[in-house]
Structure formats: C-alpha cells, structure tokens
Amino acid sequence: MVLWHPSVSLIERKPNAGKKLYAAPPVILCGSFLLLIVLGTLLLKLPIATHDSISWVQSVFTATSAITVTGLVVIDTGTQFTQFGQTIIAILIQCGGLGLMTFAIVTLIALGGKVGFMERTVAQEAFNQTDSSTLVATAKSVLIFTLIVELIGMIILAAYWRSELGWQTSLFHAFFYTISAFNNAGFALSADSLMSYVSDPVVNLTITGLFIIGGLGFSVWMDLKRHRQWSKLTVYSRMMIIGTIVINAVALISIYLIEYDNPNTLGPLSETGKWLASWFQAVTPRTAGFNTLAIDQLKDATSSIILILMFIGGGSLSTASGIKVVTFMVLILSTYSFLKRDEQTYIFKRELAKETISKAFALTMISIVVTWLAIFALLLTEEAPMLDIVFEAVSALGTVGLSRGLT
Numbered sequence: 001m002v003l004w005h006p007s008v009s010l011i012e013r014k015p016n017a018g019k020k021l022y023a024a025p026p027v028i029l030c031g032s033f034l035l036l037i038v039l040g041t042l043l044l045k046l047p048i049a050t051h052d053s054i055s056w057v058q059s060v061f062t063a064t065s066a067i068t069v070t071g072l073v074v075i076d077t078g079t080q081f082t083q084f085g086q087t088i089i090a091i092l093i094q095c096g097g098l099g100l101m102t103f104a105i106v107t108l109i110a111l112g113g114k115v116g117f118m119e120r121t122v123a124q125e126a127f128n129q130t131d132s133s134t135l136v137a138t139a140k141s142v143l144i145f146t147l148i149v150e151l152i153g154m155i156i157l158a159a160y161w162r163s164e165l166g167w168q169t170s171l172f173h174a175f176f177y178t179i180s181a182f183n184n185a186g187f188a189l190s191a192d193s194l195m196s197y198v199s200d201p202v203v204n205l206t207i208t209g210l211f212i213i214g215g216l217g218f219s220v221w222m223d224l225k226r227h228r229q230w231s232k233l234t235v236y237s238r239m240m241i242i243g244t245i246v247i248n249a250v251a252l253i254s255i256y257l258i259e260y261d262n263p264n265t266l267g268p269l270s271e272t273g274k275w276l277a278s279w280f281q282a283v284t285p286r287t288a289g290f291n292t293l294a295i296d297q298l299k300d301a302t303s304s305i306i307l308i309l310m311f312i313g314g315g316s317l318s319t320a321s322g323i324k325v326v327t328f329m330v331l332i333l334s335t336y337s338f339l340k341r342d343e344q345t346y347i348f349k350r351e352l353a354k355e356t357i358s359k360a361f362a363l364t365m366i367s368i369v370v371t372w373l374a375i376f377a378l379l380l381t382e383e384a385p386m387l388d389i390v391f392e393a394v395s396a397l398g399t400v401g402l403s404r405g406l407t
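For the sequence shown, my numbering begins at 1 and goes up steadily by one.
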C-alpha cells in the first residue's frame, strides 16, 4: 500500500471550503489503521478476551501484528485468548489483509450511502489506482472473491477436521485458519503452528493454496477473469505469475536438497512427507508465516534462502507484503540489461519505463535501510545470535511472522 507520494502534500485544502483543511489520503489511511489498532488493543484487554490477564504491551503487540498481518506473537494465541479474543484477532487480520477501504466502501453501499469524492480519493490511495471510476467495482470484486475463496477453504478444513475435533471446534478452527492463511497472517491456534500436520496433504495443500491465492494479488485474478489467453494478460500479471512459479520452484528444490538429511527437519519424514514439508516451507516465507518445520532447527543455508523469500514477498494489491515479486523481477532484469550494457530494459518485448526501474531500486534501498536500522536496534537490546536477529527483523519488515525464537 502506498502511504505517501511526493506529489501529495500532508495537508490539502478542500475545494470551495474557504480555509477549512482536511488530511491527505495517506494520513487518513495511517490514522485509520492506528485507530483500528487502538480499538483492537482495547478489545483484547477485555476480561472476556483472555483466560488470564495480559499486559498492555502484549495487547498492543498482538493487535498490531494482526492488523498488519505480521503473525509474530509474544503470547500463545490458542491458549491465552478465549474464542472471543481469537475472533477479534481474526477480524483484525481480515481488515488488515484486505484493507480498510474495501470494507468501508462496501459497507457504505450496503447501508445505502453514497461513495463521495473524499471516499474515492482515499480509496485510490489504498488501492494504488489512478482511475477512481472503477474503485467501487474493484472493492466489490475483491470482497466477493475473498468470501468465495475463504468459504471454500473453510468447508474443506472443517470437513477434514470434523473427525478429529468435532463439528463445533472444527468449524471455528477452519474459520480462523482460513482467514489467517488467505490474508497471509500466519496466526495459529497451536504453539507449534502446523507442525503436527507436516505430512498431511489436505492441510498442507489447502493452507498453501489459500495464501498463494491471497498473495498473488487481486489484480492478477481479475485480469485472469477478463482475459483467458496468456497473450492478452497485462505485463504485470504475466510477470507476477512467472515470478511466483520460478521463485516457488527454486525454493522448493533448494530446501528439499539442503534439508534432506537434517534429523531435526526432513530427515525422519517419508519421501512424500519430505516433498510436502519442503513445498510448505518454500512458499510460506513469502509473508504467510505458518510453518510445518521447526524454524530454529533449519540449517543456516536454508535460513538464508528464507530470508530472501521473506524480503521479496508477494504481489501488489494482495494480502502479502515484502518489496513485491514484480519489483524483484524489475531489479533482476534491469541489472541484467546493465551488465549487457543495454540502455533499455525489456520484458515480453516491451520496454520498462525508467521511472518504474527507479521506483524499484528506491523501494528496495529504503527497505534495506529500514531493515538495517531494525537489526541495529535489536543488536543493542537483545542478546541473541546474529542470524536470529536478522531473521526476526526481515520477518517483521515483510510482515511474515516466522521466528527463530526471538519472539
């Protein structure tokens, strides 16, 4: 989500309103998220939200982690929070994953309200779009698509877990995990995430399917709906699809080969189990945050691969974070062109704009600097191995939620 742009001042003057001022869209978006974090914090502090009293710091951390779909936790979600508290967390995840403006626009329409100029302006900033005429349709499509995908995921998981947990518990678990997975949040109701299902094909494929669909990006799915032929898809959609397939494939094979004989991860598993676990661990770092293997038991080489995956993230206008797959591809392509001494960078026989390349490098540099500052701060305050601290910082920046035990 774009929170600021050089062409947008922090305070803008409302047309035909004399000296009356109103906040610019980025400020409104930031303020909305802050208000939701405050509301979530207060709700999670209610006695009915937890089995035992939690501190304000724990409540703020959990609410912030949920609304930013980060997934890092300082207390166990499954044992510390009641079903009411877990439902609040799920709602915060859904709002954060899809964006407040999606819900605001659809709710306003449902109540018979009119989406005015101000609402459209803020929504444009949230969706990072330039055309305001299609915003309402976009918001509706995003919400409908989300509900359909989540409903399918919930039915599959509830039916599968029924014999193990009973209908009532299986329905709630399916509800929570579906929202957490689709929105790439990584919150789980068990302390070991999904490690008990490491060799379970139904759980592995359903959960990964949900967060891959969510992380690919709504714009890609809408493009696929409009154009069934590959050649008619936008350049962005084609880059996103190819990038996702290549990154997932490389990560899958790398983790499988590196961890194959690790007695603490893939070693004890069957051949099918090894591939399932490798697949899950290959796709989850791109901001999903679940794990079926013990993260702190992975080899350092595997952890370094996961660091890169967490930094890359998913797609734009998706439930994932990171610098984005297309940004990463632009970096690779432009670097390749530079090494070839080509003045232009091409993809699918089309030239990439200089502005696009500059934005990609600027975003990546800003992300690197912010990550370095976070690492430096943690080195000053925490007594932990360097790899654990770097892992935690990158995980937080990419809103992934994976941890080697620091949180």
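Yeah, the Cβ is synthetic: ideal placement off N, Cα and C, and Gly gets one too.
Note that this is a predicted model, so its numbers are computed, not measured.
| Check | Outcome |
| --- | --- |
| Assigned secondary structure, G112 (DSSP; H/G/I helix, E/B strand, else coil) | Because G112 sits at a pLDDT of 49, beneath the cut-off of 50, its placement in the model cannot be relied upon, and the point is left open. |
| Cβ contact check for the region 188-205 and the region 279-292: 3 or more pairs under 8 angstroms | yes |
| Sequence-distant residues of its chain with Cβ nearer than 6 angstroms to T345 (five each side left out) | L333, S334, S337 and L352 |
| For E355, three-class secondary structure by DSSP | helix |
| Nearest residue (CA-CA) to G233, options I213, S219 and I245 | The sequence given here has Leu at residue 233, not Gly. With distances taken between Cα atoms, L233 lies closest to S219. |
| DSSP bridge partner residues for I347 (one or two, in chain order) | R350 |
| Rounded C-alpha distance that separates T77 from G85 | 9 angstroms |
| Simplified DSSP state of T178, which is helix, strand or coil | helix |
| Minimum C-alpha distance to A377 - residue among E392, S403 and I255 | E392 |
| Between the CA atoms of F145 and V202 - distance to the nearest angstrom | 22 angstroms |
| S321 beta carbon less than 8 angstroms from that of T399 | yes |
| Nonlocal neighbours in the same chain, by C-beta distance under 6 angstroms from K19, ignoring five residues either side | Residue confidence is low: K19 scores 41 on pLDDT, short of 50, so the model does not pin down where it sits. No coordinate-derived value is stated. |
| Residue range of the unbroken alpha helix (DSSP H) whose run includes G214 | P201 to L216 |
| Length at least 4, wholly inside the region 34-92: the alpha helix (DSSP H) runs in chain order | 56-67 and 77-80 |
| Segments of 4+ residues assigned as alpha helix (DSSP H) that fall wholly inside the region 291-342 | 300-312 and 325-339 |
| Span separating the alpha-carbon of F172 from that of A49 | 16 angstroms |
| Whole-angstrom distance between G217 and S237, CA atom to CA atom | 9 angstroms |
| Status (buried if at least 16 other CB within 10 Å, exposed otherwise) for F348 | exposed |
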